[in-house]
Structures are given as C-alpha cells and as structure tokens.
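**Student:**
Residue numbers (the working numbering), protein chains in the order written: chain Z, 143 to 317; chain F, 174 to 462.
#1: What are the uninterrupted segments assigned as alpha helix (DSSP H) that are 4 or more residues long and contained completely in the segment 220-257 of chain F, given in chain order?
#2: Inspect the beta-carbon positions of residue 266 (chain Z) and residue 246 (chain Z) and report whether they are closer than 7 Å.
#3: Is the separation between the beta-carbon of residue 205 (chain F) and that of residue 227 (chain F) shorter than 7 Å?
#4: Determine the DSSP secondary structure at residue 267 (chain F), reduced to helix, strand or coil.
#5: Taking all protein chains shown into account, decide if residue 304 (chain F) is buried (16 or more other Cβ within 10 angstroms of its Cβ) or exposed.
#6: Here's the rule I'm using: 16 or more other beta-carbon atoms within 10 Å means buried, otherwise exposed. How should residue 462 (chain F) be labelled?
#7: If you reduce the DSSP assignment to three classes, tell me which class residue 378 (chain F) lands in.
#8: Could you spell out the range, first to last residue, of the alpha helix (DSSP H) harbouring residue 336 (chain F)?
#9: With a floor of 4 residues, list each alpha helix (DSSP H) that falls wholly inside the segment 269-316 of chain F, ordered by position along the chain.
#10: Mapping DSSP to helix, strand and coil, what is residue 198 (chain Z)?
#11: Does the beta-carbon distance from residue 254 (chain Z) to residue 291 (chain Z) come in below 7 Å?
#12: Give the single residue among F:284, F:324, F:280 and F:312 whose Cα lies nearest to the Cα of residue 301 (chain F).
#13: Comparing the C-beta of residue 226 (chain Z) with each C-beta of chain A, is any distance below 7 Å?
#14: Using a C-beta to C-beta distance shorter than 8 Å, which residues of chain F count as neighbours of residue 221 (chain Z)?
#15: Note down, in chain order, each residue of its chain lying with its Cβ closer than 7 Å to the Cβ of residue 427 (chain F), except the 5 sequence neighbours on either side.
#16: Measuring CB to CB, does residue 314 (chain F) end up less than 7 Å from residue 336 (chain F)?
#17: Keeping to the same chain, check which residues put their C-beta closer than 6 Å to that of residue 159 (chain Z); ignore five residues upstream and five downstream.
#18: Under a CB-based cut-off of 7 Å, is residue 323 (chain F) close to chain Z?
#19: Label residue 218 (chain F) either buried or exposed according to how many other C-beta atoms from any shown protein chain fall within 10 Å of its C-beta, with 16 as the threshold for buried.
#20: Does the segment 208-225 of chain Z come close enough to the segment 168-183 of chain Z that 3 or more CB-CB pairs lie under 8 Å?
#21: Does the structure place the segment 273-283 of chain F close enough to the segment 233-243 of chain F that three or more beta carbon pairs sit under 8 Å?
#22: Skipping 5 residues on each side, what residues in its chain have a beta carbon closer than 6 Å to that of residue 315 (chain Z)?
#23: Among residues of its own chain, excluding the 5 on either side of residue 406 (chain F), which ones have a beta-carbon nearer than 7 Å to its beta-carbon?
#24: What are the residues that DSSP puts in a beta bridge with residue 162 (chain Z)?
#25: Whose Cβ in chain F lies nearer than 9 Å to the Cβ of residue 201 (chain Z)?
#26: State the start and end residues of the unbroken beta strand (DSSP E) segment that holds residue 347 (chain F).
#27: Roughly how many angstroms separate the alpha carbons of residue 364 (chain F) and residue 286 (chain Z), rounded to a whole number?
#28: I need the boundaries of the beta strand (DSSP E) containing residue 239 (chain Z), first residue and last residue.
#29: Does the beta carbon of residue 364 (chain F) come closer than 7 Å to any beta carbon on chain Z?
#30: Which residues, in order along the segment 260-280 of chain F, keep a beta-carbon less than 7 Å from a beta-carbon of chain Z?
#31: Using DSSP bridges, identify the partner residues of residue 216 (chain Z).
#32: Measure the alpha-carbon distance for residue 207 (chain F) versus residue 284 (chain F) and round it to whole angstroms.
#33: Assign residue 255 (chain Z) to one of three DSSP states: helix, strand, or coil.
#34: By how many angstroms is the C-alpha of residue 186 (chain Z) removed from the C-alpha of residue 233 (chain F)?
#35: Within 10 angstroms of its Cβ, does residue 309 (chain F) collect 16 or more other Cβ (buried), or is it exposed?
#36: Three-state secondary structure (DSSP) at residue 184 (chain Z)?
Below you can see the structure in the form of structure tokens.
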C-alpha cells in the first residue's frame, strides 16, 4: 500500500516522500508505506480494514475513534499514523479472544451499555485505559474518565454501570 | 478532513530539530502532543511545509521540583502526567487545580503543557496559569538557550514571541516565597468546550500574610489576560473580606469579555469576579501552614 490518501484526493502525490512504518496492531506487527499526513484512524480503517474504530466527528470532540497507543488513550483522528511507528496500538478488535469477550465487552452486554453502538468502541477503549490505571474506580471517576467520549443515545447511565460491572469482573479475575 | 501534504521528520535531538526549523525558514512547525496542531492541520488553518515531530527526542518528558523549590516541566510532559502527579497535588495547587480541567481526559493523555502554552490560545488554561505563577520558558535556538518571561511571551491570539527557529524546551515556575497556595476555576458548557471564563490564582503566603499574588484570566479577551498588577494589591495584606472584594472587582474590570453564545460580556465579567472571590476565600479559610 502506498500513500493512502491518493484514493481520496484526485491529485497524485507531488513527490512528498512516503514513510515506511511498522506498527504493532493488536499484537501483530504491520509494516506499511504511508503519507505523513495520513491520520491513524484512516490507517486503521482503510489501510488495515479495522473498521471497529469509528470516526464520529473528525474534529477531536467525540472520542469514538479512541484507541490505545502505548497503553495510553488517543483520539486516532487527532494523531498522524507516522507517529505510531514502533508503537503498540490496541483497537476494539483486540479486546476479545476467539472464544471469549473481554470483561468490558461483557459489561456493556450485561448492563445494556449501548443502543446504536457507534460510540461503544471508543467508550470501551477509554474504559480500558481507566481500569488499567485504576482497577476500582468510583462512579464519579468513571464519569470523569469517560467525559471525552460522547454518546447520543443512552444518557450515559448504562455505560457507567457497564464499566462498574467490568471493573468488578476484572478485579475478581485478577484475585 | 485530512491535512494538506507536508514533509515529516522525527529527529532524536533538540539540535537536529532546531536545524530543521532553521532550514524551514518559518514554514516548519513543531509537533509535540498534536492536540491543537493536528485539528488545525485538518481544518487547513495550518499548512506547514515541514512537520518536526519532537516526540522521539529523549529527555524532554519530565516534571520535577529542584532543590531550590522551583518546578521544571519538560516539553513532552503531558497534561495527564501533571494531573496524576502526587508531588504536583502536594506542592503546586494552581497547576493541580487546572490540570483536570484541561480539554478532556483523552486529549490530556497526549497533549503537552509546554505545547499548550506555546499555542497561545486566548482560552488556554496553561498560558493563564503560567502568567499567574510568574513562570518563564527556556527556549533553545541555533545560538543556544535564552529565557522568555511568561508576561512577554503571549503576543496575541495564537501568537507567541518564539523565533521560527526556536523550541521551547522547558517551562519553569519559580520557587514560592513561603507556601504556595492558589487555585483554578473554569466555566465551560461541557467538557472539552472552549471556556466561557477561567481564572488562575497563585499566592505565596507566610502564615496568613500574602507575600506574592498572581492572577491571570482565559477566555475573556483576545489573548490571555495578565491581572498580576491588580493581584499585587494583596501583597503584604491578609485575605480579609474587604481585600478580597477589592481585588476581585479590579481583576473583573481588567477582563475584556465579548458577548457571544457562551454569555454576555457582563455575565462573563461577573463570573470572573465570583471565581476570584471563591478561590481567595478558599485560601483564607485554609489553616496557616
């Protein structure tokens, strides 16, 4: 794959050098040639067909495109793909194993933490970042940690319950 | 939305980054956290020829208190690092109060303190905080390092006094005289929105006497508002109701708010006055250390 935006932009590349990057996505090294201006969200969605990462607003507001880069949450529409070179990126596709849902996914299922589901991947990745840092958050801490993720369906009530459910499950599993 | 084309380099030393900026002759831009720059690239408000990504330069991601009590924040220190720092919580109350109010949690995980100061957004939390704290920036260019006092740094909206071939490598907050007190309050319609009005207050105190006072405002003018002259009315005084009222009124008069969809100019001025009072009253009611 070469400069990805050529598919979008009608003008051919004007000689802007393409960079070869290697990104570890959900445990697998992927080597790609990308234009420096390619956004991480577009690399994941168009370059790697990982369409679980959603682009909601494309203006750094909604958090639907949240992934973990080096374990820290990042809005993948607000980061260049070249910046992920040599880094570990986790997307929502990396949560479940072939046989088992991740406790966060299970929590969203059990507590009905979604309606349309568009914000859910970003919510779950932001929740994962929170629970890795703070395995036993209060309701307030959960609301605070998810305040960069917008949901237009649920009123957040069940999303918060889902994260509480997941935190409990994860604590029980680690004991 | 995708940015216009640019050349990209990720040097591993400050010197190499400066060389790229120098060669760019003003058409090169530094990328640190990218939480303001990348949105501007996507909107094509910014269209540099060259992006200089400084994230691969080792040794810039730190915040530490030196033995003399001064606080040093490196160019790659993220907002979140300050928010979760036990030392900041204990020793630097103005920064501790502002850190959780910057943007939203995901932006705070990537965005940098120094980058935000350099961005010089009139709504920026950190430029206001730095002015209230009387901080300065250490900047490095082809001819070496120099210091820029924060009060001389913000020139206007999104304009700072860096030369095109200079990098701000560190923010410094001088050691407090006595005990560092202070706070930060911000009114926003929702998390991550531009502030309706924000107030940063820094006090150095000995017992219940104020030794130094700094106040700065964000969101209520074409640039960060420096109200340190108004705050200095507290120096040598105790935080009495009369003193607090006087300073709050003077600071509110210094604001230059404009009426918009976030509120009328009178409303914003009232918010400033109320926030200054709230922060100062909270300090007055704390036990003298």
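Even glycine gets a Cβ: it sits at the ideal position worked out from N, Cα and C.
**Tutor:** From the atom records:
#1: The qualifying runs are 252-256.
#2: yes
#3: yes
#4: helix
#5: buried
#6: Unreliable placement is indicated for residue 462 (chain F), whose pLDDT of 49 sits below 50; no coordinate value is reported for it.
#7: strand
#8: Taken as a continuous stretch (DSSP letters only), residue 336 (chain F) belongs to no alpha helix (DSSP H), as it is neither H nor E.
#9: As for any alpha helix (DSSP H) of minimum length 4 sitting wholly inside the segment 269-316 of chain F, the runs are 278-283, 286-292 and 298-306, ordered along the chain.
#10: Reduced to three states, the DSSP call for residue 198 (chain Z) is coil.
#11: no
#12: The option with the nearest alpha carbon to residue 301 (chain F) is F:324.
#13: Within the model displayed, chain A is absent; protein chains Z and F are what it includes.
#14: 207, 211 and 283
#15: Counting only Cβ-Cβ distances below 7 Å, and skipping sequence neighbours, we find 398, 400 and 403.
#16: yes
#17: none
#18: no
#19: exposed
#20: In short, these stretches touch, since the Cβ pair count reaches three.
#21: With the cut-off at 8 Å, the segment 233-243 of chain F and the segment 273-283 of chain F do not touch.
#22: Contacts found: none.
#23: 419, 420 and 423
#24: Z:175
#25: Taking a Cβ-Cβ threshold of 9 Å, the residues of chain F close to residue 201 (chain Z) are 174, 212, 215 and 216, in chain order.
#26: First-last for residue 347 (chain F): undefined, no H or E at that position.
#27: Their backbone Cα atoms lie some 9 Å apart in a straight line.
#28: Element bounds for residue 239 (chain Z): n/a, residue is neither H nor E.
#29: yes
#30: Residues of the segment 260-280 of chain F whose Cβ lies closer than 7 Å to any Cβ of chain Z, in chain order: 277, 278, 279 and 280.
#31: Z:209
#32: 6 Å
#33: Residue state, collapsed to three classes: coil.
#34: Their Cα atoms are separated by approximately 29 Å.
#35: buried
#36: helix
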